[in-house]
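A.B. asks:
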Ligand code: 2HA
Ligand code: ZN
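In our numbering, the protein residues as written are 1314 to 1571.
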């Protein structure tokens, strides 16, 4: 592939796509990934966009002016992406107002069906001067399953449960996840709610759908989801063995945070 500067990023996307598939979180074309690659392309590589035509972004995001995002393509399967990354990725270069983008490869597949969420969250990350550049959305089964249980459909109850299932959960994810009540996938409603939630939490849990995580890197975003899913798995394992999980005590949690 001609874009040398992206080799490391592509390798991370490939590894993560494989991990998502192996976790069982990426049935069919489930999930999508994006990363802000502004500044990584050479002047010569930027020439790749010169003959492309502008298309409108689903939502105007002025902080995204002149930014460049790499995103997974609509309909792409994580298990295929792991084998042939460039068949399932596209690069989007925004115009100077954050209203339009040019796509490379221009004749490739459209960007992810969750583009609204990806652009609004990247826009908010820029606006808040965050060091985070990567977003991973996946159908993490164990975490989705929790949202099928009414008593866990709140940010407070979810985090309390997840933190009490394993000591490292509160250590690595002290801000926990943010719960987002059900929204239709791919809409501006889910995009706005997600961007707001991700200002306070590294992960948003979409009721009955999946999770989306931010990170300085794609690997960091994946790790955060993986830690939370591990706690959920412990909870369900104990429950399915017919026992009530004891959980860490408040004192033990406080001790970890001191
Ligand atoms: O990319 O997961 O939420 C397919 C999806 C939509
Ligand atoms: Zn999804």
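Where a beta carbon is used, it is the ideal one built from N, C-alpha and C, also for glycine.
1) Buried or exposed: which applies to residue 1364, given that a residue is buried once 16 or more other Cβ atoms fall within 10 Å of its Cβ?
2) Using the beta carbon as the reference atom, which residues fall closer than 7 Å to any heavy atom of the ligand ZN, ordered along the chain?
3) Say whether chain D places a C-beta atom closer than 8 Å to the C-beta of residue 1466.
4) What residue range does the alpha helix (DSSP H) around residue 1469 cover?
5) Do you know offhand how far residue 1574's Cα is from residue 1422's?
6) For residue 1425, verify whether its CB is less than 7 Å away from any heavy atom of the ligand 2HA.
7) If you drop the 5 nearest sequence neighbours on each side, which residues of the same chain put their C-beta closer than 7 Å to that of residue 1457?
8) Give the C-beta separation of residue 1527 and residue 1438 to the nearest angstrom, bearing in mind that I take them to be a contact with Cβ-Cβ under 8 Å.
9) So who's on the other strand from residue 1491, going by DSSP bridges?
10) Helix, strand or coil for residue 1509, going by three-state DSSP, please let me know.
11) If you reduce the DSSP assignment to three classes, tell me which class residue 1353 lands in.
12) Which residue wins for smallest C-alpha separation from residue 1386, given the options 1411, 1491, 1420 and 1560?
13) What is the residue span of the beta strand (DSSP E) that residue 1447 lies within?
14) Do you know offhand how far residue 1495's Cα is from residue 1356's?
15) Among residues of its own chain, excluding the 5 on either side of residue 1543, which ones have a beta-carbon nearer than 7 Å to its beta-carbon?
16) Within its chain, find whatever has a CB closer than 7 Å to the CB of residue 1538; leave out the 5 residues flanking it on each side and keep chain order.
17) Using a Cβ-Cβ cut-off of 7 Å (strictly less than) and excluding sequence neighbours within five positions of residue 1467, which residues of its own chain qualify?
18) Just tell me which of 1338, 1372 and 1333 has its CA closest to the CA of residue 1531.
19) Tell me whether residue 1561 sits in a helix, a strand or coil according to DSSP, three-state version.
20) Candidates 1504, 1549 and 1411: which alpha carbon is nearest residue 1433's?
21) Would the region 1374-1389 count as touching the region 1398-1407 if we require 3 or more Cβ pairs under 8 Å?
22) Can the beta-carbon of residue 1431 be found closer than 8 Å to that of residue 1347?
23) Residue 1416 by DSSP, collapsed to three states: which one?
24) So which of 1383, 1440, 1327 and 1330 has the shortest CA-CA distance to residue 1351?
25) Closest by CA to residue 1548, which one among 1512, 1474, 1336 and 1498?
26) To which residues does DSSP link residue 1482 through a beta bridge?
C.D. replies: The structure says:
1) By the 10 Å Cβ count, residue 1364 comes out exposed.
2) 1343, 1344, 1427, 1450, 1452, 1498, 1522 and 1523
3) In the structure shown, chain D cannot be found, because there is only a single protein chain.
4) 1468-1478
5) Any question about residue 1574 goes unanswered here, given that the chain covers just 1314 to 1571.
6) Within the cutoff, so yes.
7) 1521, 1522 and 1523
8) 7 Å
9) 1517
10) helix
11) coil
12) 1420
13) In the DSSP assignment, residue 1447 falls within the unbroken beta strand (DSSP E) covering 1447-1451.
14) Approximately 43 Å, taken between the alpha carbons.
15) 1479
16) Cβ neighbours of residue 1538 within its own chain (closer than 7 Å, five residues either side excluded): 1449, 1451, 1453, 1516, 1524 and 1526.
17) Around residue 1467: 1492.
18) Taking residue 1531 as reference, the option from 1338, 1372 and 1333 with the minimal CA-CA separation is 1333.
19) coil
20) Closest in alpha carbon position to residue 1433, among 1504, 1549 and 1411, is 1504.
21) The answer is yes - the region 1398-1407 touches the region 1374-1389, with three or more Cβ pairs under 8 Å.
22) In this structure, residue 1347 lies closer than 8 Å to residue 1431 by Cβ.
23) If DSSP states are grouped into helix, strand and coil, residue 1416 belongs with the strands.
24) 1383
25) 1474
26) According to DSSP, residue 1482 bridges with nothing at all.
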